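Trainee: Residue numbers (this note's numbering), protein chains in the order written: chain A, 70 to 222; chain B, 70 to 222. We treat Cβ as the ideally placed atom computed from N, Cα and C, and that holds for glycine. What you are looking at is a predicted structure, and each value in this text was computed from that prediction instead of being measured.
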DNA sequence: CGTTTGACCTCAAGCGCTTCAGGTGGGAGA
DNA sequence: TCTCCCACCTGAAGCGCTTGAGGTCAAACG
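1. Along the chain, where does the alpha helix (DSSP H) containing residue 112 of chain B start, and where does it finish?
2. Near residue 195 of chain A, which residues of its chain fall below 8 Å by C-beta distance, leaving aside the five closest residues on each side in sequence?
3. In the region 128-146 of chain A, which residues sit with their C-beta less than 7 Å from some C-beta in chain B, listed in chain order?
4. Is the beta carbon of residue 131 of chain B less than 7 Å from the beta carbon of residue 184 of chain B?
5. Please determine, among A:141, A:84, A:89 and A:168, the residue with the shortest C-alpha to C-alpha distance to residue 117 of chain A.
6. Just the C-alpha distance for residue 125 of chain B and residue 127 of chain A, rounded to the nearest angstrom, thanks.
7. Check each candidate in A:114, A:121 and A:169 and name the one with the smallest Cα separation from residue 106 of chain A.
8. Can you have a look at residue 165 of chain B and say buried or exposed, based on whether 16 or more other CB atoms are within 10 angstroms of its CB?
9. In chain B, which residues lie with their C-beta within 8 Å of the C-beta of residue 89 of chain A?
10. If the cut is a Cβ gap below 7 Å, which residues of chain A does residue 197 of chain B touch?
11. To the nearest angstrom, report how far apart residue 143 of chain A and residue 216 of chain A are at their CA atoms.
12. Please name the residue in A:173, A:119, A:201 and A:152 whose C-alpha comes closest to that of residue 109 of chain A.
13. Tell me, to the nearest whole angstrom, how far the beta carbon of residue 175 of chain A is from that of residue 182 of chain B; I am working on the premise that it is less than 8 Å.
14. Measure from the alpha carbon of residue 200 of chain A to the alpha carbon of each residue in B:178, B:163, B:173 and B:186, then state which is nearest.
15. Kindly indicate which three-state DSSP category residue 181 of chain A falls into: helix, strand or coil?
16. If you follow the alpha helix (DSSP H) that residue 138 of chain B is in, where does it begin and where does it stop?
17. Assuming the contact rule is C-beta atoms closer than 8 Å, residue 188 of chain A and residue 218 of chain A should be a hit. Round their C-beta distance to whole Å, please.
18. Among B:179, B:104, B:97 and B:95, which one has its Cα closest to the Cα of residue 141 of chain B?
19. Does residue 205 of chain A pass the burial test, meaning 16 or more other C-beta atoms within 10 Å, or should it be called exposed?
20. Just to confirm the assignment, what range does the alpha helix (DSSP H) spanning residue 208 of chain B have?
21. Using a Cβ-Cβ cut-off of less than 7 Å, give me the residues of the region 185-212 of chain B that come near chain A, in sequence order.
22. Report whether the distance from the Cβ of residue 207 of chain B to the nearest heavy atom of the ligand PLP is below 6 Å.
23. Near residue 135 of chain A, what residues of its chain come up, given a Cβ to Cβ distance below 8 Å and the 5 sequence neighbours on each side ignored?
24. Straight-line CA distance for residue 153 of chain B to residue 167 of chain B?
25. Please tell me whether residue 138 of chain B and residue 160 of chain B are closer than 7 Å, where the distance is taken between their beta carbons.
26. Quick one: what's got a C-beta closer than 8 Å to residue 87 of chain A's C-beta in the same chain, skipping five residues either side?
27. Reducing DSSP to helix, strand and coil, say where residue 117 of chain A ends up.
28. Helix, strand or coil for residue 197 of chain B, going by three-state DSSP, please let me know.
29. Contact criterion: CB-CB distance below 7 Å. Does residue 161 of chain B meet it with respect to chain A?
30. For a cutoff of 7 Å on Cβ pairs, would you count residue 291 of chain A as touching chain B?
31. In terms of DSSP beta bridges, what is residue 80 of chain B paired with?
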């Protein structure tokens, strides 16, 4: 997985993908848009070789991406990590704020998901009633669907 | 909001957007990909005029889209509605299955969201500890972050 | 020693929209 | 009547990736 040449470990894109959970295509894409990189290449083959420093950063990015964090927030995260957000200790505050914002974002998404589930459950029930030819059940569900629809933003 | 000419109500794209919750751009896009339409136009201005039949369908699509349903499932939904899924009563079954699949999809998403929230909360706490210079708190949180990370797919 | 395999490369297109740029028709006010 | 504005139009580009086509390099196999 890693090769030691001198003191620097070097990781292939495939391994970097396994480590970070980001697809190889995404790794190339992140490099292209300047979120990571430029990644050094193997002399003869031209293949990417991720060095120890990069590996840790990209592993972290994998986690953040997995939470649905925006590319801009990932950029800020790296900037704060490197101490170029403000200088000094203000960056811990920026980091906290960044994560708190994202917690709120997820929280709101969860709440919206519950509403959506409710709506879809009722729709499933409605068609289930129709499937059985249960006209009465159908009539009971229709107004509930209408109510659930209101919550769907 | 609606104009009566004869017996057909005609709705502008702006109003259709308000009714359905889909943006004007999305309405044009759905037409372009053949999910809806073609929508009749006003003779002189060339503006879209949605007729009563289309209005109901698009309103329904708005709800489905709001739940995150895929374009393909929306296509199937319309097909089953029109009775071209199978013929006869098999379509109620198809509809039920379609909605049940989507309930499961949402359910899984909700579960993943909880894991993500947990991870982000811990990260926020970690940086909060650093912000306060609380090295001890930091040490308590680090292993928890590591554990939460495992769940992130 | 030629060939096959596999990991990797780049470039282009597609997905589901959103946003933007540039243009038209028609009604209202000066 | 002239002009302004508003609602609408089309087409193209952007976002964050994913998928696919077509080509290179190096180690392994017959």
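Mentor: From the atom records:
1. Counting along the chain, residue 112 of chain B falls outside any alpha helix (DSSP H), and DSSP gives it neither H nor E.
2. 207, 210, 211 and 214
3. 132, 135, 136 and 137
4. no
5. A:84
6. 48 Å
7. A:121
8. buried
9. Correct list: empty, because the minimum Cβ distance to chain B is about 11 Å.
10. 165
11. 39 Å
12. A:119
13. 6 Å
14. B:163
15. helix
16. No alpha helix (DSSP H) contains residue 138 of chain B, which DSSP labels as neither H nor E.
17. 6 Å
18. B:104
19. exposed
20. 204-220
21. 185, 186, 188, 189, 190, 192, 193, 196, 197, 199 and 200
22. Absence of the ligand PLP is noted for the structure shown, with no ligands found whatsoever.
23. 90
24. 15 Å
25. no
26. none
27. strand
28. helix
29. yes
30. With chain A running from 70 to 222 in the structure shown, residue 291 of chain A is simply not present.
31. B:119
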